[in-house]
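So the structure is just underneath, and the comments pick up after that.
Protein chains: 2
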Amino acid sequence: MSTYTAPLKDMRFVLNELAGLGEVAKLPGYEEASPDTVDAILEEAARFASGVLDPLNRSGDQEGSKWADGEVRTPKGFREAYRQFAEGGWNALPFGPDWGGQGLPKLVATPVDEMWTSANMSFSLCPLLTQGAVHALALRGSRALQQTYIPRMVAGEWTGTMNLTEPQAGSDLALVKTRAVRVKDDKQGDHYRISGQKIFITYGEHDLTRQIVHLVLARTPEAPEGTKGISLFVVPKFLVQPDGSLGERNGARCASLEHKLGIHASPTAVMIFDHAVGYLVGEENRGLETMFIMMNAARFGVGLEGVAIGERAFQRALAFAKERLQGRDLAGGGTVPIIRHPDVRRMLMLMKSQTEAMRALAYVVAAALDFAHKEDNPEKQKHHQAFADLMIPIVKGWSTETGIEVASLGVQVHGGMGFVEGTGAAQYLRDARITTIYEGTTGIQAMDLVGRKIAREGGATAKAWLEELRRFDAELARSGNPDVQSLRGQLAAGVRALADCVQFIVSEKSQHAAFAGAVPFLKLAGIVAGGWQMARAALAAERLSSKPGDASFYQAKIATARFYGDHVLVQAPGLRDTVVKGAGGVMALSEEQFLAA
Amino acid sequence: MSTYTAPLKDMRFVLNELAGLGEVAKLPGYEEASPDTVDAILEEAARFASGVLDPLNRSGDQEGSKWADGEVRTPKGFREAYRQFAEGGWNALPFGPDWGGQGLPKLVATPVDEMWTSANMSFSLCPLLTQGAVHALALRGSRALQQTYIPRMVAGEWTGTMNLTEPQAGSDLALVKTRAVRVKDDKQGDHYRISGQKIFITYGEHDLTRQIVHLVLARTPEAPEGTKGISLFVVPKFLVQPDGSLGERNGARCASLEHKLGIHASPTAVMIFDHAVGYLVGEENRGLETMFIMMNAARFGVGLEGVAIGERAFQRALAFAKERLQGRDLAGGGTVPIIRHPDVRRMLMLMKSQTEAMRALAYVVAAALDFAHKEDNPEKQKHHQAFADLMIPIVKGWSTETGIEVASLGVQVHGGMGFVEGTGAAQYLRDARITTIYEGTTGIQAMDLVGRKIAREGGATAKAWLEELRRFDAELARSGNPDVQSLRGQLAAGVRALADCVQFIVSEKSQHAAFAGAVPFLKLAGIVAGGWQMARAALAAERLSSKPGDASFYQAKIATARFYGDHVLVQAPGLRDTVVKGAGGVMALSEEQFLAA
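These protein sequence lines are chains P and S, in that order. Yeah, the first sequence ends on 597 if you go by the working numbering, and it's all consecutive. Yeah, the second sequence ends on 597 if you go by the working numbering, and it's all consecutive.
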């Protein structure tokens, strides 16, 4: 059986050689991120992920979270694991020291989050959602709300949720109906009463902590229709007394849990708010704005889930492929482990190369967010923010779509054993399947990319990135390595394909046409961005390969980059054709011509 | 909610305009397949699929088949449905009249099988496996065995299974260990005693019929090692008395059922044979040969599952997309059904166009099998057989891989609701996931295609097909329709890509290199073969579009073909590059360089 081992070598390589951890650590406020500290954190996190979280992954999937009388019991072992997680200070890692956090850059939190998700995606969603809620409060909460809630959420004593979706309001939050009525009474002071139903609420109810802090989108009675009439509220499960202790049970109850394809251990709640006491976060009618600001972080986090599941699926498939004896080698001889067969090897390489490409891109974007956050120079800051804004829908959309593909390849490597739940390979596919859906489907990411991130600014940031890619080609040209040169040609073709599409998007008058190719464009952008990082990795590996000790790692990095070129980047020109020529066909049929029979 | 509706219009279009049902019906022995009879059969089958099988699909998935004390209970409703199925004569449809079958061409059985699978894949596996067992007996069984078993299996009174896999012998049947020892006694006459364990036995135990007829691969004591020492046996669950009635319980028992990702209603048994009485089918040591002859039919049947699941997933997604209100139209106005949004439309078109392409190819191959079976002219017969042999790994590999993709798109169209099991969309993805694995994984299909079907004969059949594709280009050239001309260009590029790869395969000295690109090649071949059929469909639609009544159907067919070109066929040149240039990268890492961390 396969045990999760954090890919520390690749993580360090990406942190240091591609994402510029050294530069990030020089930013004001990130002085803690010294090489020694980062190493210690990564190693400790790796131990926790392998030793505590990974062993609960399968049992958690089998048992699932269970609802009874409004209470939810998480699977065996989850409470104890969460206690250790909070005590270890892991929940506090990504937060600023003002709130009791460790003040570490996002670039350091990112590999740590990757480990939690690889080891146990269902578990990882609880801290992920808490992070989202803390961010919203830190962004727009009143000082009083912040002081009451944030320190205990950072400590992991209380957890957080995001209550957005309603049965009729999924991707389209303009349709939110939950009501919030302002009242004053002597006991609770100035507050609102929240009533309505929310669905798909991750960790909306559980037994890991006593208190749960719900962030809830709702409408006040006079609010304008649509997205401009939605406000954000804090609705605690238990009212908080002036001394900070927990008081009365609030009217926020879990009516049921969803029976889902995957992430069984993560309770997905239907929440009923019945005159629940809530406190406004920020101003009335500006709730969606707050949500959108924090959406970047959430989307990045889900993109990282694609990387993490890809890594875990790869590790399990690899262990199986090395163990399972079946078939003879083409060269003759006896029965061999299936890793010896070219098609199994191809699948493993597809898993490995794409996971490495996704990881590199995600970490580079994490670094850009750190620069955008802490960089002094406003020009540079703006540049980094624009780059991160452009990349986040790509990280989210491409890494999750690819994560599913990698998890499915993991099943395939296992053959018949992959279809049997006991093996564990199928769980990654089931778990991964949500990632292209929540926090905005791939279609929503693609529209964000094409519409808000490219068309709206005439493609300025995208064109700046294309310029950077072209400058990078000159660097690649200097390599004498034939694998690098092969990849260079494919990357250049990818960049041309991307440039054609950006031109199409900024000049296309019909939004229908631009959006018809949005997902193929996002895929193209992801493939090229991943190829860019693989080529950077190959150059770094070439440079470092003469160092003693790790020659095999660097040689493998170059070969893996070459493989990515031949098996992944080659898709770029075809995707270009789909984007540029394929829009007409998308809308060619009338709705009536779509018939079931 | 969505109810299955057989796509009779498209089925008839493919049967008549692409697969040549009229010509098939002229073959000796297929006179029954008159237009009226075929119409009546399709309509009756459609009713049974929608009315009886489809309503049991979700409940069957939820309940699953259950094991207790060696007995298996199928889900509620399955017994009654099976009784009706057998009584309706459906089980007998594909068999010859000698055995009580209806003597209909495979081309007619194919849409009917598609309906069963679309409506209820778990149910459909029972008759599918019975068909396989009957074919093996009809092929090589002694007259006595045939007379004892076949008529009752054809009638559906007894069901059949195929016992190939053992824990250490999956894709590699050379490793089969189950023993068969020849004995004679007064009671059973000349027979064998079979002992061993078989796994992954579909419908290995169930309560649909009292008798189950197991076909079992095993080794006799003196058999040579490897594939040339495997024999095939009939092992009935109950011994059959001379008068045909069921006697003693045989030593073939179900030890447990697998807990699987999908097809929950279909019991996947672990079978223990403990000195079970078995009867040799054909000669000793030639069991695998028999299996391989009938493998074509089984692989074709699984390929058809890809078509069927694609169709069903499309229908469910379409129903949801027409119902679900979310978001405004890009052109403005109120909330609209999501089918109005370009990316949802794109997903539906991908589902629709690929399903239609897969169906067309599968039916055309079914017709080729009919011609190969019944054609008088030996030259023509050989030509049809060679074409079918070439196409079957493509139908199996490409249609199942694409079926999974289509089912996954179906989940995506549903958004968050797709991840919730209650919706039903996730089940198709879970069910579909086995199809690229059983009856030979996609990798095995691809090696069959590249090694046995192309390299071994110097590419003769593949080159003949390429010639046919080039001649067809001249037909396409005569069309004045711009959509057809667009598709023509993409098909021509696909044909060039295919030709390059065939050349690579026949001239490549290294089997490793040829096999490294086998799956991308299979995908390329499937995409081009599907594009060929879509182009044929477009020409037929152009020709027929002036007919009154169905103009909208034909116009949609042309637009769907155009879409397929822009969104699917465009991948062909990239796949060519992977096949021709990508082999080196597949084997570039040593096994030691594949590290978990």
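Quick reminder that beta carbons are idealized off the backbone N, C-alpha and C, glycines included. If you're wondering where the values come from, they're calculated on a predicted model, not measured in any experiment.
Residue-chain proximity (residue i, chain S), Cβ-Cβ < 9 Å
i                 : result
Glu591 of chain P : yes
Glu258 of chain P : yes
Val112 of chain P : no
Tyr438 of chain P : yes
Ser59 of chain P  : no
Gly327 of chain P : yes
Ala360 of chain P : no
Phe13 of chain P  : no
Pro342 of chain P : yes
Lys352 of chain P : yes
Val420 of chain P : yes
Residue interval of the beta strand (DSSP E) (run including residue i)
i                 : result
Tyr192 of chain P : 189-202
Gln627 of chain P : Because chain P spans 1 through 597 in this model, residue 627 of chain P falls outside it and cannot be assessed.
Val235 of chain P : 231-236
Lys509 of chain S : Note, Lys509 of chain S: premise wrong, no beta strand (DSSP E); not H, not E.
Lys71 of chain S  : Residue 71 of chain S is actually Glu in this sequence, not Lys. Residues 71-73.
Integer Cβ distance of residue i from residue j, believed to fall under 8 Å
i                 : j                 : result
Trp433 of chain P : Ile404 of chain P : Per the sequence presented here, residue 433 of chain P reads as Arg, with Trp not at that position. Between Ile404 of chain P and Arg433 of chain P the Cβ distance is about 6 Å, and since that is below 8 Å, they are a contact.
Gly303 of chain P : Thr400 of chain P : 6 Å
Thr161 of chain P : Gly204 of chain P : 5 Å
Leu139 of chain S : Met358 of chain S : Wrong, their Cβ atoms sit about 28 Å apart, outside the cutoff.
Val176 of chain P : Leu217 of chain P : 5 Å
Val108 of chain P : Ala33 of chain P  : 5 Å
Asp566 of chain S : Gly585 of chain P : 5 Å
His206 of chain P : Val72 of chain P  : 5 Å
Val411 of chain S : Ala426 of chain S : 6 Å
Leu589 of chain S : Ala331 of chain P : At roughly 17 Å, the Cβ-Cβ gap does not stay under 8 Å, so Leu589 of chain S and Ala331 of chain P are not in contact.
Leu409 of chain P : Met351 of chain P : 5 Å
Beta-carbon gap between residue i and residue j smaller than 9 Å
i                 : j                 : result
Met121 of chain P : Asp431 of chain P : yes
Leu42 of chain P  : Ala119 of chain P : no
Leu257 of chain S : Ala269 of chain S : yes
Leu601 of chain P : Glu421 of chain S : Outside the displayed span of chain P (1 to 597) sits residue 601 of chain P, for which this structure offers no information.
Gly574 of chain P : Pro573 of chain S : yes
Leu232 of chain P : Leu215 of chain P : yes
Ala583 of chain P : Ala497 of chain P : no
Arg219 of chain S : Arg253 of chain S : no
Tyr363 of chain P : Leu27 of chain P  : no
Arg471 of chain P : Ile392 of chain P : no
Tyr279 of chain P : Ser142 of chain P : yes
Val38 of chain P  : Phe95 of chain P  : no
Residue i at chain P interface by Cβ criterion, 9 Å
i                 : result
Asp550 of chain S : no
Ser34 of chain S  : no
Met613 of chain S : Shown here, chain S extends from 1 to 597; a query on residue 613 of chain S therefore has no answer.
Gly262 of chain S : yes
Arg430 of chain S : yes
Ala518 of chain S : yes
Met417 of chain S : yes
Sequence-distant residues of the same chain with beta carbon closer than 6 Å to residue i, five excluded per side
i                 : result
Tyr554 of chain S : Ala541, Leu544, Ser545
Thr461 of chain P : Ala386, Leu390
Ile444 of chain P : Ser171
Sequence-distant residues of its chain with Cβ nearer than 8 Å to residue i (five each side left out)
i                 : result
Leu539 of chain S : Glu475, Leu476, Ser479, Val484
Leu325 of chain S : Thr335, Val336, Pro337, Ile338
Thr578 of chain S : Gly517, Pro520
Thr148 of chain S : Val240, Gly244
The alpha helix (DSSP H) enclosing residue i, as first and last residue numbers
i                 : result
His373 of chain P : 342-374
His135 of chain S : 121-140
Tyr438 of chain P : Taken as a continuous stretch (DSSP letters only), Tyr438 of chain P belongs to no alpha helix (DSSP H), as it is neither H nor E.
Same chain, Cβ closer than 7 Å to residue i, five either side skipped, listed in chain order
i               : result
Lys9 of chain S : Phe553
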